[in-house]
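Participant: Here it is, the structure, as C-alpha cells.
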Ligand code: FES
C-alpha cells in the first residue's frame, strides 16, 4: 500500500504512463517524493523504488548523484546563490554573506523553524544576469547584498505559498541577462522545481 497521497499517486501514474520502461521514471518520481514530504526521506525513496521496480539502493544511488535531490530536511524556501566566476566577480561572496547574516543560516544549513535553507551553487546558467540567485529554483538576476537582505526579510514575513520568478525579479532583481519573452504563471511551492508535467507547484497550489 502506498504511503503517498491520492493526488501524488495519480501524478505518479500519469508520469509512469509516459515511459516505456518504468525505471526511466525514477527522477521525476523523486521530485514527487520531495513534493510529498518536503525532502527525500528513506520512506519516500523506498516508495519510488516500488513504483519503478528497482531496489531502494538503486534509487539512492541516483538521488545521491544530483544536488537537486535533497536527502536532508530542507526549508520551505531554498535560497541558492551562485558563487561561480561571473557572479563572484560581481560580488556574490558579499551577497551570500548578507543572506547568511539576515537569515541567520550559514550555507548548507536550514533554520530551526524549517523555513529557509541557504546554499551556494555552481553556475546556474544566468551569468549575464550576475549576481544570480534562485529561490526554490525560481530565478532572480542582478541581486545585490542589500536586495538579498530584503529578499530574506520578505520570505520571513510574507511566507508566500509559492514563489514566482517574475514577482521576485520585480521586487529584488537588477540587471537581467536578457528580456524574458513570456511571463511565468507558475511558482514553486517547495524546494523542488515547478515545471510540468510534475505539477509540483502553481501560483495557486491545489
Ligand atoms: S557564474 Fe553565476 S550564473 Fe553563471
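Residue numbers (this note's numbering): 224 to 429.
All residues carry an ideal CB built from backbone N, CA and C; glycine is no exception.
1) Counting pairs of beta carbons, one from the segment 305–317 and one from the segment 272–287, are three or more of them closer than 8 Å?
2) Would you call residue 251 buried or exposed, if buried means 16 or more other Cβ atoms sit within 10 Å of its Cβ?
3) In chain order, which beta strand (DSSP E) runs of at least 3 residues are fully inside the segment 290–342?
4) Go to residue 402, then tell me how far its beta strand (DSSP E) extends in each direction, as first and last residue.
5) Is residue 314 near the ligand FES, in the sense that its beta carbon is under 7 Å from a heavy atom of that ligand?
6) Mind listing, in chain order, the continuous beta strand (DSSP E) runs of no fewer than 3 residues lying wholly within the segment 344–380?
7) Secondary structure at residue 271, three-state DSSP: helix, strand or coil?
8) Could you round the C-beta distance between residue 385 and residue 412 to whole angstroms and report it? I think they count as a contact, below 8 Å.
9) Provide the residue(s) that pair with residue 386 in DSSP beta bridges, ordered along the chain.
10) Mind checking residue 280: buried by the 16 CB within 10 Å criterion, or exposed?
11) Give me, in chain order, the residues of the same chain whose beta-carbon lies closer than 8 Å to that of residue 245; leave out the 5 immediate sequence neighbours on both sides.
12) Is residue 356 near the ligand FES - that is, is its Cβ less than 7 Å away from at least one heavy atom of it?
13) Alpha carbon to alpha carbon, what distance is there between residue 261 and residue 431?
14) Would you kindly work out how many angstroms separate the C-alpha atoms of residue 324 and residue 372, rounded to a whole number?
15) Given a threshold of 16 other Cβ atoms within 10 Å of its Cβ, counted over all protein chains shown, does residue 403 qualify as buried or as exposed?
16) For residue 401, count neighbouring Cβ atoms within 10 angstroms of its own Cβ and tell me buried if that reaches 16, exposed if not.
Facilitator: If we stick to the structure as given:
1) no
2) By one-based count along the chain shown, residue 251 stands at place 28. Buried, by the Cβ-count rule.
3) 300–305
4) Here the question's residue 402 lines up with position 179 in the chain shown. From DSSP, residue 402 is part of no beta strand (DSSP E); its letter is neither H nor E.
5) Walking along the chain shown from the start, residue 314 turns up at place 91. Because no heavy atom of the ligand FES lies under 7 Å away, the Cβ of residue 314 does not count as near it: no.
6) 356–358, 361–363
7) Counting from one through the chain shown, the residue named residue 271 turns up at place 48. In this structure, residue 271 counts as helix in the three-state DSSP scheme.
8) Sequence index remark: in the chain shown, residue 385 carries index 162 (1-based). Sequence index remark: in the chain shown, residue 412 carries index 189 (1-based). Right, their Cβ atoms sit about 4 Å apart.
9) Taking the chain shown and counting its residues from 1, the one referred to as residue 386 is at position 163. Beta-bridge analysis with DSSP links residue 386 to 411.
10) Translated into positions along the chain shown, residue 280 becomes position 57. Its Cβ having fewer than 16 others within 10 Å, residue 280 is exposed.
11) Taking the first residue of the chain shown as position 1, residue 245 is located at position 22. 239, 274, 275, 276, listed in sequence order.
12) For the purposes of this step, residue 356 is taken as the residue at position 133 of the chain shown. Checking the Cβ of residue 356 against the ligand FES gives no.
13) Not covered by the structure: residue 431. The range shown for the chain is 224 to 429.
14) Position 101 of the chain shown, counted from the first residue, corresponds to residue 324. Position 149 of the chain shown, counted from the first residue, corresponds to residue 372. Their backbone Cα atoms lie some 8 Å apart in a straight line.
15) In the chain shown, residue 403 corresponds to position 180, counting from 1. The residue in question, residue 403, is exposed, as its Cβ has fewer than 16 Cβ neighbours within 10 Å.
16) As a first step, residue 401 must be located in the chain shown, where it is residue number 178. So residue 401 ends up on the exposed side.
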